[in-house]
Amino acid sequence: MNRRSLIFSLFALALAVNLLVGYRVYSNDELQNGDAAAFEKIAIMMRVLHLIRQDYVDEDLVDYERLLTNAMHGMVESLDPHSGYMEQDAYDDMMESTEGEFGGLGVLITIRDGALTVIAPMEGGPSARAGILPGDKIVKINGVVMGDKNLSGAVGELRGEPGTLVTITIKRGDKEPFDITIERSIIEVPSVKNARLLADGVGYIRVTQFDEKTAPGMKAALKDLTSQGMTSLILDLRNNPGGLLTSAVDVASFFLPKDALVVSTVGRRASQNKRYETTGGDKYETVPLFILVNGGSASASEIVAGCLRDWRRAVLIGEKTFGKGSVQSVIKLSDGSALRLTTAKYFTPSKVVIHDKGIEPNIEVTMTDEELMDLITRQRNGETGEAVDPEKDKPLAKALEIIQNDTGPRREAGTGAVPAAPPRSVEKATARVDGGETQ
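Residue numbers for the sequence shown follow the numbering used here, beginning at 310 and rising by one.
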């Protein structure tokens, strides 16, 4: 046996022993149930590794680090679109993106039905300016087909230095695919916009995302509208891709009494079963509330909408939300890489799962692609009057119609009660970030 074969044999033996010992430690329950098939699979995996190392035509592609890294990618990313193995560079990029300012297209994406799908363009970002819509499928990036690209890999392709260009090929509904070239830029998005008083004391506030500044911005907007004589409120969460769970809890807290359940998480371990409740502070518990949602409302938006609907505190108007309601835990590994693993799912107070289901509106009002594009275009005008126009916005017009007919939800002032039974309690814990793949 030559030196190279000896080194490989020793490495393979050590790896096999570690895998077998690890399996024995973490899978006693399975073994007690007679499930020993994993031992056979480990042996087969070692055989595959040996054959690739020995016979694959391009020797420079079969070093151990490459093969084992690819194996970890495949193992984790086959679970669901939101789980992934991140090498050190990818992990560092992810941490950079959470700082609130980064170079990219300003769009939240996921894998849905095997395709790279836009959850929502971030208002004011390059994608919104270029006309990207919720639900668009990104089939190519710079001419490269995305068919078998994992989510992390796609995000890496879309990100880049501010000022550089990327061409994406979009499939929208039954239309033929078309190309859009977008210039990457630094993304900074204000989260509370267009706060104003509409006709007959109807307040309107639009939340573009949930971040550290959202709750303070909502507090100031609500206080100002109340001083102007607000008697009911329309909260617009359309095309809001989500953000921080803590921010969602704070926003829901304005409209419910203290200690009301906002959302719970349920996983396989007891530590993943958590309960998030409303906090104290300024309350608007008796103001009739209407929430506008659509397919671009995701994550934290769905938590707020689902909570306030379950408590019968708000009427939801528009279209079914996206359905992004899972918790990803990021676990840093010893070599600087990390594992992003889905460990729990979000449930509304009435125990309705959000993930892959979405939140159904009380009153469905749909918009065509052209109407949605017109809405996004007008919202880009910021604080001008064109951004809020009931004559061009069917869901908003429907909310105004209901308010003017006095058919909205009401609660008696000072009761402190909600008209729905609290769900079964789960373990209480502090809030954490719930995010998507933003680039």
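Heads up, the beta-carbon is just placed ideally off N, CA and C, and yes, glycines get one too. Nothing here was measured: the structure is a model prediction, and the numbers come from that model.
Simplified DSSP state of residue i, which is helix, strand or coil
i	result
Tyr365	coil
Glu673	strand
Val560	helix
Ile668	coil
Met395	strand
Lys654	strand
Ala346	helix
Leu370	helix
Arg649	strand
Asn353	In the sequence as displayed, the identity of residue 353 is Ile instead of Asn. Helix at Ile353.
Ser580	helix
Asn714	coil
Met567	Before going on, a small fix: residue 567 reads as Lys here, not Met. Lys567 falls in the coil class under three-state DSSP.
Pro699	helix
Pro279	With the chain running from 310 to 748 in the structure shown, residue 279 is simply not present.
Leu358	helix
Asp401	helix
Asp678	helix
Leu377	helix
Asp644	coil
Leu467	helix
Asp683	helix
Leu388	coil
Own chain partners of residue i with C-beta closer than 7 angstroms, once the 5 adjacent residues on each side are dropped
i	result
Pro471	Gly412, Arg493, Ser494, Ile495
Ala696	Asn503, Arg687, Gln688, Asn690
Ala708	Ile543, Phe599, Leu601, Ile626
Gly526	Ser500, Val501
Ala722	With a pLDDT of 33 at Ala722, under the threshold of 50, the predicted position of this residue should be treated as unreliable, and no value is reported.
Gly725	With a pLDDT of 34 at Gly725, under the threshold of 50, the modelled position of this residue cannot be trusted; read the value that follows with caution. Same-chain partners within the cutoff: Pro566.
Pro390	Thr419, Ile420, Leu460
Leu617	Ala561, Phe564, Leu598, Ile600, Ala623
Ala524	Ser556, Asp559, Val560
Which residues DSSP lists as bridging residue i, in chain order
i	result
Arg493	Note: Arg493 sits in no beta bridge, so no partner.
Tyr585	Val572
Val662	Phe656
Gly413	Ser494
is_contact[residue i, chain C] using C-beta, thresh 8 angstroms
i	result
Leu542	Absent here is chain C; the protein component of the structure consists of one chain.
Residue i, buried or exposed, once every other Cβ within 10 Å from all chains shown has been counted against 16
i	result
Ile353	exposed
Val357	exposed
Ala346	exposed
Ser635	buried
Glu485	exposed
Thr517	buried
Asp483	exposed
Gln397	exposed
Gln637	buried
Gly766	Nothing in the structure corresponds to residue 766, since the chain is present only between 310 and 748.
Phe302	What is shown of the chain runs 310 to 748, which leaves residue 302 out entirely.
Ser606	buried
Thr473	exposed
Gly423	exposed
Ser580	exposed
Val366	exposed
Glu586	buried
Leu377	exposed
Met384	exposed
Asn451	exposed
Asp644	exposed
Phe656	buried
Neighbourhood of residue i by C-beta distance below 8 angstroms, restricted to the same chain and skipping five residues each side
i	result
Gly538	Leu506, Gly510
Lys528	Phe563, Gly590, Asp591
Ser436	Leu414, Gly415, Val416, Val427, Pro430, Ile491
Glu374	none
Arg719	Any reading at Arg719 must be qualified, since the residue scores a pLDDT of 46, below 50, and its modelled position is unreliable; the value itself is stated next. The answer, listed in chain order, is Thr595, Pro597.
Tyr593	Leu531, Thr535, Leu542, Phe563, Phe564
Cut-off 6 angstroms between Cβ atoms - residues of its own chain near residue i, not counting five sequence neighbours on either side
i	result
Val613	Ala557, Val560, Ala561
Pro704	Leu601, Ile626, Gly627, Val674
Ile514	Ala504, Ala530, Leu544
Ser610	Leu546, Asn549, Gly551
Arg362	Val371
Lys350	none
Tyr332	Residue placement at Tyr332 is poorly supported in this model, since its pLDDT is 49, which falls under 50; the coordinates still yield a value, given next. Around Tyr332: Ala347.
Lys641	Ala647
Ala706	Pro699
Proximity test, residue i beta-carbon vs the ligand FMN heavy atom, cut-off 7 angstroms
i	result
Phe563	Within the structure as shown, the ligand FMN is missing, as the structure has no ligands at all.
Completely contained alpha helix (DSSP H) runs for the segment 420-459, where each covers 4 or more residues: Entirely contained in the segment 420-459, the alpha helix (DSSP H) runs reaching 4 residues are, in chain order, 435-439.
Which ranges would you report for the beta strand (DSSP E) in the segment 590-641 if only whole runs of at least 3 residues count? Here the runs fully enclosed are 598-602, 623-627, 635-641.
What are the start and end residues of each continuous alpha helix (DSSP H) run of 4 or more residues lying completely inside the segment 470-548, in chain order? 523-536
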